[in-house]
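Peer 1: Right, I'll just put the structure down here and ask away after.
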Amino acid sequence: MARTNEKKGITLAKGFFPPKPIKLDLDNKEEYPNQCQGNIKISIKQIQGQLQKLKPFKAPGPDSIPNIILTKCTDLLAGSLLHIYEVIFVTVRSLCLSIVQVLEFLTGVFPK
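The numbering of the sequence shown is this note's numbering, which starts it at 9 and goes up by one.
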């Protein structure tokens, strides 16, 4: 049992940061699901529905926007949020496709 702060710290660190594996198995061929080919489409009604499900008096998140504002102003916010989400989906999808293309080029592995 650790009795000093130093020994307690070492014990705690060992619990949070286990030792690195001795050998990495890089030859293991993992199977991954097929890449999503479809476009993600969401509607204003879906956004409004999700905003209405929020608990209005819960503590705000990192954006500091109180849920009460989101739940009471869904009709004003849904269109802007739809535009933001569509841009995010397009950007992430094109970024993912670019990463896949670079990896395919570098490794010579092409998906089926």
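Just so it is clear, CB atoms sit at the ideal spot from N, CA and C, and this is done for glycine as well.
Values in this document were obtained by computation on a predicted structure and should not be read as measured data.
Going by the beta-carbon positions, is the gap between Gln54 and Thr82 smaller than 9 Å?
Peer 2: Cβ atoms of Gln54 and Thr82: not closer than 9 Å.
Peer 1: Taking DSSP as the reference, what is the three-state secondary structure of Lys49?
Peer 2: Three-state DSSP puts Lys49 in coil, outside helix and strand.
Peer 1: I'd like the span of the alpha helix (DSSP H) that includes Phe113, first residue to last.
Peer 2: From DSSP, the alpha helix (DSSP H) with Phe113 extends over 82-115.
Peer 1: Quick check on this structure: which residue in Gly87, Ile76, Val98, Pro70 has the alpha carbon closest to the alpha carbon of Gln56?
Peer 2: Answer by Cα proximity: Gly87.
Peer 1: List the whole-angstrom C-beta distance separating Leu62 from Leu78, where the pair is believed to meet the contact cut-off of C-beta under 8 Å.
Peer 2: Yes, Leu62 and Leu78 are in contact; Cβ-Cβ is about 6 Å, under 8 Å.
Peer 1: Please return the same chain residues whose Cβ sits closer than 7 Å to the Cβ of Thr19, not counting the five positions on each side in sequence.
Peer 2: Excluding residues within five positions, the ones whose Cβ falls inside 7 Å are Ala10.
Peer 1: Regarding Val108 and the ligand PLP, is the C-beta to nearest heavy atom distance less than 8 Å?
Peer 2: This structure simply doesn't include the ligand PLP, nor any ligand for that matter.
Peer 1: Under 9 Å between the Cβ atoms of Phe65 and Ile76?
Peer 2: Yes, Cβ-Cβ distance for Phe65 and Ile76 is below 9 Å.
Peer 1: Looking at C-alpha atoms only, which residue of Lys16, Leu89, Lys22 is the closest neighbour of Gln58?
Peer 2: The shortest Cα separation from Gln58 among Lys16, Leu89, Lys22 belongs to Leu89.
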